[in-house]
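Trainee: This structure is in structure tokens; I'll ask about it shortly.
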Amino acid sequence: MGKIHEIVFDCDKPSKLAAFWVALLDGYAIRPYDEAEIARLAALGLTPETDPTVMVDGPGPSICFQNVEGRRYDNNRVHFDIEVGDRAGTVEQLREQGAETVRVLPTYTVMRDPEGNQFCLVDIREAMAA
Numbered sequence: 001m002g003k004i005h006e007i008v009f010d011c012d013k014p015s016k017l018a019a020f021w022v023a024l025l026d027g028y029a030i031r032p033y034d035e036a037e038i039a040r041l042a043a044l045g046l047t048p049e050t051d052p053t054v055m056v057d058g059p060g061p062s063i064c065f066q067n068v069e070g071r072r073y074d075n076n077r078v079h080f081d082i083e084v085g086d087r088a089g090t091v092e093q094l095r096e097q098g099a100e101t102v103r104v105l106p107t108y109t110v111m112r113d114p115e116g117n118q119f120c121l122v123d124i125r126e127a128m129a130a
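Okay, here's the thing in structure tokens:
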């Protein structure tokens, strides 16, 4: 049905938490910032150290550390993004198995499993690039 696209951490300080996990996980590294990305961040008054979204790549799924201030008890602090080929069809299959749709956005759908844990269904990368 799908595969893990990335693991997402909601956190207060993405660069600091990303550095922690990079030190812990063999073969993982913070995704390099090219000149265009550094310029984009600078235009927003940010640096790689203050980037609200830091990506970590390695031998397994990518890990995304995204700034979400404050603890929200209606939202998991860690969740999977699952890459699927037929998002609408997968949503229906999962609903039949007890999952709940939380919200639908252009490139992903937020859902809850039968016990209330959030996860996202995302379109296959090739489809998103097209």
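Per the UniProt record's numbering, the very first residue in the sequence shown carries number 1; after that it's consecutive. We put the CB at the ideal spot given by N, CA and C, even for glycine.
With C-beta atoms as the reference, is T109 less than 8 Å away from V91?
Mentor: Numbered from its first residue, the sequence shown carries residue 109 at position 109. Numbered from its first residue, the sequence shown carries residue 91 at position 91. In this structure, V91 lies closer than 8 Å to T109 by Cβ.
Trainee: Where are the beta strand (DSSP E) runs, 3 residues long or more, that stay fully inside the UniProt domain "Glyoxalase-like" (6-122), in chain order?
Mentor: Fully enclosed beta strand (DSSP E) runs of 3 or longer: 53-57, 62-67, 78-84, 100-104, 108-112.
Trainee: By how many angstroms is the C-alpha of M1 removed from the C-alpha of G89?
Mentor: Position 89 of the sequence shown, counting from 1, holds the residue named residue 89. Position 1 of the sequence shown, counting from 1, holds the residue named residue 1. Those two C-alpha atoms are separated by around 10 Å.
Trainee: How about V102 and Q118: do their beta carbons lie closer than 8 Å?
Mentor: Position 102 of the sequence shown, counted from the start, is the residue given in the question as residue 102. Position 118 of the sequence shown, counted from the start, is the residue given in the question as residue 118. Against a cut-off of 8 Å, the Cβ pair of Q118 and V102 comes out as a contact.
Trainee: So if DSSP puts I4 in a beta bridge, which residue, or which two residues, is it bridged to?
Mentor: One-based indexing of the sequence shown puts residue 4 at position 4. Paired residue(s): I82.
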